[in-house]
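Here the structure is laid out as structure tokens; the discussion comes afterwards.
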Amino acid sequence: MTDEILRLMDMRREYRHKDMVRYNKEKLQREIKRKIRLANEKWFSDKRIEIEKLQRKHDNFNLHRKVKKDKEERFIFEDCKKLERWKEYIEDLFNDSRIDVGLERVQNGPSITMKEIERAIKTAKTRKAVRLDKIPTEILKLLDVEGKRRLWRLFNEIYEADIIPEMIPFDWLLSTFMALPKKNIQQIRGTYKPNPIRIPEQLRNQRDFIQHADFEKTFDRIQHDKLIEILKNKINDKDLRIIKNLYWNQSANVRLGQSRSEDIEIKRGVRQGYILKTIFEKALSDLPVGVKVNEMPVNNLRYADDCIDCITPGELQCLIKKVTKAYNEYELKLNTAKTKVMVINKTPQIFCS
Numbered sequence: 013m014t015d016e017i018l019r020l021m022d023m024r025r026e027y028r029h030k031d032m033v034r035y036n037k038e039k040l041q042r043e044i045k046r047k048i049r050l051a052n053e054k055w056f057s058d059k060r061i062e063i064e065k066l067q068r069k070h071d072n073f074n075l076h077r078k079v080k081k082d083k084e085e086r087f088i089f090e091d092c093k094k095l096e097r098w099k100e101y102i103e104d105l106f107n108d109s110r111i112d113v114g115l116e117r118v119q120n121g122p123s124i125t126m127k128e129i130e131r132a133i134k135t136a137k138t139r140k141a142v143r144l145d146k147i148p149t150e151i152l153k154l155l156d157v158e159g160k161r162r163l164w165r166l167f168n169e170i171y172e173a174d175i176i177p178e179m180i181p182f183d184w185l186l187s188t189f190m191a192l193p194k195k196n197i198q199q200i201r202g203t204y205k206p207n208p209i210r211i212p213e214q215l216r217n218q219r220d221f222i223q224h225a226d227f228e229k230t231f232d233r234i235q236h237d238k239l240i241e242i243l244k245n246k247i248n249d250k251d252l253r254i255i256k257n258l259y260w261n262q263s264a265n266v267r268l269g270q271s272r273s274e275d276i277e278i279k280r281g282v283r284q285g286y287i288l289k290t291i292f293e294k295a296l297s298d299l300p301v302g303v304k305v306n307e308m309p310v311n312n313l314r315y316a317d318d319c320i321d322c323i324t325p326g327e328l329q330c331l332i333k334k335v336t337k338a339y340n341e342y343e344l345k346l347n348t349a350k351t352k353v354m355v356i357n358k359t360p361q362i363f364c365s
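Using our numbering, you'd call the opening residue of the sequence shown number 13 and step up by one each time.
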């Protein structure tokens with residue numbers, strides 16, 4: 013709405029209270045509609061020019077901030093609607109029919125030692141963004157013996173507590189998401205991450221298959237209850253309890269510019285670089301297939317959510333079936349667009365003259 017349109021609307025409002033010629037009122041109404049149509053076209057034209065300018069600069073970050081679609085695939089430009097759309101997206105992404113996993117009586121688990129506190133402070137990286145408590149790492153590194161002792165007592169109280177919400181600091185349970193754009197989807201090669209693979213000399217005389225499996229939103233799809241079931245046999249009771257309580261009480265909001273959305277309950281997913289690898293270990297490490305390198309069986313190489321399966325021709329279908337069954341059990345979804353099979357074959361080609 014421009015100032016001129018608002019002024020015409022005020023005039024139309026006055027006409028309703030005065031005995032004026034009907035022709036003038038209808039003429040004013042048509043003029044208002046015409047001005048609104050022209051203003052709307054100008055607004056979209058200006059936005060289009062701005063977006064095209066960002067495209068020419070290859071400024072994908074600001075381009076991503078300008079363009080966003082709603083659920084009906086319509087473009088939205090207003091910040092308030094963008095924030096609401098991000099909130100809806102996060103709610104859908106992390107929503108799950110999570111069940112409460114009951115833990116038996118906590119019996120084992122060592123306490124946190126003073127040496128662990130000192131080592132954590134010493135190895136903590138500096139010049140990092142602060143969390144909600146606004147305490148930078150540099151401050152922690154300045155703590156004297158008494159300050160470190162207080163931290164030691166605080167962490168042990170939290171570690172030993174059965175009721176987490178009353179004991180854990182609020183900022184431990186709250187996360188803030190920021191939307192970071194991916195590369196331009198039109199640049200197809202940019203949507204793939206190059207994963208260099210060094211093939212050992214021992215594989216050169218074999219005809220083998222390498223399947224690269226890529227998971228879709230892996231870190232966001234991990235179910236908390238199944239994660240706890242896997243960890244029960246891998247970590248002590250106290251570690252299991254605090255992990256369970258942290259995940260069952262966490263929430264998050266979305267920040268866009270200077271605005272934040274309402275808090276959203278997080279019912280599934282783990283943080284990237286966290287304990288996700290235990291699921292892949294359980295799903296793949298015991299499969300009796302693979303290739304031999306120096307008489308040692310090698311069946312899969314893993315890094316975060318990327319997985320490379322090394323198999324022989326006869327084992328390819330068997331491995332795919334077992335991996336698919338494991339993925340379905342943990343409700344993980346393969347990204348078929350990025351899941352590929354590479355054939356390694358050194359058989360020489362025969363040419364006839």
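Ideal Cβ placement from N, Cα and C applies to all residues, glycine included.
Three-way DSSP call (helix, strand, coil) for residue i in this model
i, result
"Gln235", "strand"
"Ser263", "strand"
"Ile276", "strand"
"Ser57", "helix"
"Leu40", "helix"
"Phe189", "strand"
"Lys93", "helix"
"Ala51", "helix"
"Arg165", "helix"
"Val335", "helix"
"Arg139", "coil"
"Phe106", "coil"
"Ala9", "With the chain represented from 13 up to 365, any question about residue 9 goes unanswered, as that position is not in the structure."
"Asp145", "coil"
"Glu16", "helix"
"Leu155", "coil"
Bridge-paired residues (DSSP) for residue i
i, result
"Phe227", "Leu346"
"Ile111", "DSSP output for Ile111 lists no bridge partner at all."
"Leu258", "None, per the DSSP bridge assignment."
"Leu268", "Ser271"
Cβ-based burial, residue i [other Cβ within 10 Å; buried from 16]
i, result
"Lys94", "buried"
"Thr230", "buried"
"Ser273", "buried"
"Leu252", "buried"
"Ala264", "buried"
"Leu258", "exposed"
"His61", "It is worth fixing the name first, because residue 61 is Ile in this sequence and not His. Flag for Ile61 reads exposed."
"Leu185", "buried"
Integer Cβ distance of residue i from residue j, believed to fall under 8 Å
i, j, result
"Lys137", "Thr125", "Between Thr125 and Lys137 the Cβ distance is about 22 Å, and since that is not below 8 Å, they are no contact."
"Phe167", "Ile129", "7 Å"
"Leu20", "Glu43", "6 Å"
"Ile17", "Lys47", "5 Å"
"His224", "Thr348", "Contact flag wrong, Cβ pair sits at about 12 Å."
"Tyr339", "Gln235", "Not quite, the Cβ-Cβ distance comes to about 13 Å (not below 8 Å), so this is no contact."
"Gly121", "Asn248", "4 Å"
Quick check: the segment 150-170 against the segment 234-243, are at least 3 beta-carbon pairs closer than 8 Å? no
Quick test of the definition: if touching needs 3 or more C-beta pairs under 8 Å, does the segment 96-106 touch the segment 275-283? yes
Does the segment 135-151 come close enough to the segment 110-124 to have 3 or more Cβ pairs within less than 8 Å? no
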